[in-house]
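Going by the UniProt record's numbering, the sequence shown wraps up at 184, each residue one higher than the last. Glycine is no exception: its CB is placed at the ideal position from the N, C-alpha and C atoms.
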Amino acid sequence: MKLSKMGASNEPKDLLYFQNLVPGTSDSPFIDRYKKECLDDNDPDNERRKSLLDEYPPILSFHPQQKKKFYEDEARMCSFCCGGVLTSDNGLKNIDNYMYSNNSGKLYEGSAANIKSQLQEEARQEKFGSAEQNQRMTEINQFSAVVDQREKNSAPAMTNAATQKQSSTLNPLKTDLKPRDADS
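Given below as structure tokens:
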């Protein structure tokens with residue numbers, strides 16, 4: 001993923017970057033609150049930070065002290081999922097660091113596996129078959145789908161030959177009949 005407006009060498013070094021995967025659009029109340037709470041007109045990096053919101057999905061940039069407060073406040077108001085990114089001269093690189101809320105007021109932070117594990121533990125604590133447990137399972141599936149889609153979109157494309165070779169080696173239904181040896 002390339003930065004469209006400026007190169008990463010021009011990025012402020014002290015900022016933390018997160019892609020807004022859910023809701024994932026720059027015209028959402030989530031982004032509006034981000035602009036109000038985190039973008040300061042006196043900040044020399046303000047224009048660059050605003051331009052990152054035009055990326056798809058939008059990229060939120062935080063000074064270290066802003067990130068935790070913003071996400072904790074948002075966890076009390078809405079559902080969201082943001083994935084961490086690092087800047088480099090080649091653009092942005094996805095990292096396995098997420099901020100997630102299922103609108104329960106609780107903020108989940110960490111790797112995708114860590115967040116899934118926390119959600120699974122909460123689902124296990126609900127009464128078996130209850131609406132609450134079903135809701136937790138839905139949340140796990142939704143979070144997993146967002147993470148999988150992000151990983152799929154950032155994975156390098158395989159060549160057609162490599163894809164065909166991989167699919168033929170992984171197909172348990174495809175068999176090659178070989179004649180039995182006369183010796184056996």
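Supposed contact pair A123 and Q133 - C-beta distance, whole angstroms, cut 8 Å: On the sequence shown, position 133 is the one that residue 133 refers to. On the sequence shown, position 123 is the one that residue 123 refers to. Yes, they are in contact, since the Cβ atoms of Q133 and A123 sit about 6 Å apart, within 8 Å.
Cβ neighbour criterion (16 or more within 10 Å) applied to R76: Within the sequence shown, the letter at position 76 stands for residue 76. Classification for R76: exposed.
Selection from S79, K93, D14, R33 that minimises the alpha carbon distance to R150: Your numbering for residue 150 matches position 150 in the sequence shown. The shortest C-alpha separation from R150 is found at K93.
7 Å Cβ cutoff met for N20 and C82: Position 20 of the sequence shown, counting from 1, holds the residue named residue 20. Position 82 of the sequence shown, counting from 1, holds the residue named residue 82. Cβ distance < 7 Å, so N20 and C82 count as in contact.
Given residue 197 as reference, the closest of L86, R49, V85 once Cα atoms are compared: There is simply no residue 197 to check, as the chain begins at 1 and stops at 184 in what is shown.
C-alpha gap between G24 and P58, whole angstroms: As a first step, residue 24 is located in the sequence shown; it is residue number 24 there, counting from the start. As a first step, residue 58 is located in the sequence shown; it is residue number 58 there, counting from the start. Each residue's Cα considered, the two are about 6 Å apart.
Separation of A112 from S104, as counted between CA atoms: Walking along the sequence shown from the start, residue 104 turns up at place 104. Walking along the sequence shown from the start, residue 112 turns up at place 112. Going from the Cα of S104 to the Cα of A112 covers about 18 Å.
Boundaries (first-last residue) of the beta strand (DSSP E) holding A101: Within the sequence shown, the letter at position 101 stands for residue 101. Residue identity check: residue 101 is Ser in the sequence provided, not Ala. Per DSSP, S101 belongs to the beta strand (DSSP E) from 91-102.
S26 in three-state terms, based on DSSP: The residue you call residue 26 lines up with position 26 of the sequence shown. Three-state result, S26: coil.
S130 classed as buried or exposed, judged by whether at least 16 other C-beta atoms fall within 10 angstroms: Numbered from its first residue, the sequence shown carries residue 130 at position 130. Burial call: exposed.
Beta-carbon contacts of E72 that lie in its chain and below 7 Å, excluding the five residues immediately before and after: Your numbering for residue 72 matches position 72 in the sequence shown. Answer for E72: L107, listed in chain order.
Residues of its chain near R118, where Cβ-Cβ distance is below 7 Å and the 5 sequence neighbours each way are ignored: Indexing the sequence shown from 1 puts residue 118 at position 118. Rather than Arg, the amino acid found at residue 118 in this sequence is Gln. If we look at Q118 and ignore the five residues flanking it on each side, its Cβ neighbours are Y108.
Y71, enclosing alpha helix (DSSP H) - first and last residue: The residue given as residue 71 occupies position 71 in the sequence shown. Its alpha helix (DSSP H) spans residues 64-75.
Where the beta strand (DSSP E) through L86 begins and ends: Position 86 of the sequence shown, counted from the first residue, corresponds to residue 86. Residues 79-88.
CA-to-CA distance, I95 to V85, given in whole angstroms: For this step, residue 85 is matched to residue 85 along the sequence shown. For this step, residue 95 is matched to residue 95 along the sequence shown. Spanning the two alpha carbons is a distance of roughly 5 Å.
Backbone secondary structure at N160 - three-state DSSP: Within the sequence shown, numbered from 1, the residue matching residue 160 stands at position 160. Only weak support is given to the placement of N160: the predicted model assigns it a pLDDT of 44, under 50, and the question is left unresolved by the model.
Which residues DSSP lists as bridging Y17, in chain order: Here residue 17 is taken as the residue at index 17 of the sequence shown, counted from 1. For Y17, which the question treats as bridged, DSSP gives the partners S61, V85.
For Y34, three-class secondary structure by DSSP: In the sequence shown, residue 34 corresponds to position 34, counting from 1. Y34: helix per DSSP, three-state reduction.
Span of the alpha helix (DSSP H), counted from its first residue to its last, around E126: Taking the sequence shown and counting its residues from 1, one reaches residue 126 at position 126. Counting along the chain, E126 falls outside any alpha helix (DSSP H), and DSSP gives it neither H nor E.
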